[in-house]
Amino acid sequence: MKLSELVIKFDLKVKCGAHELDREIKGGYVSDLLSDVIANGRAGEVWVTLQIHHNIVGVASLKSLAAIVIINGREPEEETIKKAEDEGIPIMVSKLPAFELVGRLYQAGISGTR
Amino acid sequence: MHLHTCLSPCADSTMSPRAIVKGAKKQNLQMIGICDHNSVENVEAVRMAGKRERLAVMGGIEITSQEEVHILGFFSKKTALRDIQDMVYKNLSGENDENLFGEQILTDEHDRVIGSNRRLLIGATGLPLEKIVDAIHRLGGLAIASHIDRQSFSIIGQLGFIPKGLTLDALEISPLASQKRRYSSSQRHSFPLVTFSDAHCLEDIGRSFSSFLIEEANIEETKKALTGKEGRKVIIR
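From first to last, the protein sequence lines stand for chains U and L.
The numbers in our numbering rise by one with no breaks, and the one at position 102 of the first sequence is 414.
The numbers in our numbering rise by one with no breaks, and the one at position 7 of the second sequence is 35.
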């Protein structure tokens with residue numbers, strides 16, 4: 313599935329990286345610990361998190377993640393959006409809580425196993 | 029007491045020892061503390077730059093716990109700073125990417141660049157919160173939870189509560205917190221409160237500060253002020 317399809321299907325609000333939505337999603341990872349994503353995130357995955365700090369962009373870029381999806385309608389910090397634009401990391405916001413969003417992503421065929 | 033130097037990847041490269049000392053003097057501060065992320069390597073340079081200008085500089089570190097909670101540790105002894113550094117580096121993996129997280133500049137007391145730190149200082153150590161606080165105390169230091177009112181990297185933001193039995197010496201309220209919130213948080217917690225600037229750039233030095241009524245600018249006296257011993261005390265605005 314492409315990011316652009318994800319945005320439509322799950323009613324995600326695109327905060328930045330709108331021109332990068334052509335990317336194919338290779339899987340998903342959920343974590344609110346940045347160090348955990350550094351250790352276990354994989355290239356091409358969507359990262360579901362509640363973190364809004366600008367360091368999430370560095371982590372996503374380091375691991376070549378496809379995108380960051382922030383849950384519960386939380387708004388990323390201004391600095392986060394600015395940095396994500398620079399790094400070309402799409403950030404989307406979902407109104408759903410993590411459990412519900414991940415469940416729906418899984419149903420849509422996005423897997424967390426390798 | 030909570031200032032970052034150019035060694036912290038997220039801090040401005042202008043945060044050099046002399047510039048920090050100058051900035052602190054301009055704000056009429058009498059005592060400052062240096063707390064870079066997971067490193068004490070620029071502490072000595074700032075201390076020496078401060079000495080020339082008669083500004084007391086406390087050696088500290090801002091350690092990231094396994095839970096991604098920031099804890100400030102302050103030490104009076106150089107050997108303690110070295111020991112805490114060893115412990116942190118032993119439990120910190122990864123290499124910094126300057127383009128993603130920022131430069132980590134090492135300087136001398138004359139603001140001359142003497143190198144850069146290659147470690148992933150922005151990363152989290154593998155050390156649990158309790159272990160960090162215990163280690164700080166074992167080395168005679170002072171353990172303060174950073175910016176507890178912030179969502180990111182604070183004990184409240186990450187855990188939602190302060191674990192029972194965690195022997196913190198104080199809680200730091202960020203400059204962003206309003207007076208009202210400062211008051212309500214002081215009602216909630218039984219820990220002494222302090223507020224520091226957490227400055228990452230020169231303009232932010234002194235934007236928030238605490239007044240310690242103490243005999244001399246050192247960690248032992250600061251400890252007494254936090255516990256209200258022998259007439260010492262701490263006042264936050």
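C-beta atoms are modelled at their ideal positions from N, C-alpha and C, and glycine is treated no differently.
Computed from a predicted model, the values in this text were never measured in an experiment.
Query	Result
Whole-angstrom distance between L155/L and Q267/L, CA atom to CA atom	Nothing about residue 267/L can be reported from this structure: the residues present for chain L run from 29 to 265 only.
Cut-off 8 angstroms between Cβ atoms - residues of its own chain near E96/L, not counting five sequence neighbours on either side	A152, F181, Q186
L230/L in three-state terms, based on DSSP	helix
N- and C-terminal bounds of the alpha helix (DSSP H) containing G87/L	G87/L -> not in any alpha helix (DSSP H); beta strand (DSSP E) instead, spanning 84 to 92.
Amino acids of chain U, ordered along the chain, whose beta-carbon sits closer than 7 angstroms to that of L128/L	G370, S373, L374
Contacts around I393/U, its chain only, beta-carbon distance under 6 angstroms, and the 5 residues preceding and following it disregarded	K327, C328
Per DSSP, the bridge partner or partners of K314/U	E336/U
C-alpha distance - M59/L paired with Q363/U, whole-angstrom precision	34 angstroms
Proximal residues, the region 345 to 360 of chain U versus chain L, C-beta separation under 8 angstroms	L345, L346, S347, I350
Inter-residue Cα distance where the pair is L373/U and L120/L	At residue 373/U the sequence reads Ser, which differs from the Leu that was named. The straight-line gap from Cα to Cα measures roughly 20 angstroms.
DSSP state of I350/U mapped onto helix, strand, coil	helix
Test: I150/L CB closer than 8 angstroms to a CB of chain U	yes
Pick from A73/L, I160/L, K192/L that is closest to I91/L, judged by C-alpha positions	I160/L
Residue closest to L167/L, alpha-carbon to alpha-carbon, out of P220/L, R46/L, T107/L, V74/L	T107/L
Contacting residues, own chain, Cβ-Cβ under 6 angstroms from A227/L (five flanking each side not counted)	L31, I233
Selection of the region 95 to 126 of chain L by Cβ proximity to chain U, strictly under 7 angstroms	E96, G122, D125
Under the three-state DSSP convention, the category R75/L falls into	helix
Which of helix, strand or coil DSSP assigns to E243/L	coil
Buried/exposed call for N124/L, threshold 16 Cβ in 10 Å	buried
C-beta atoms of L194/L and L230/L nearer than 8 angstroms	no
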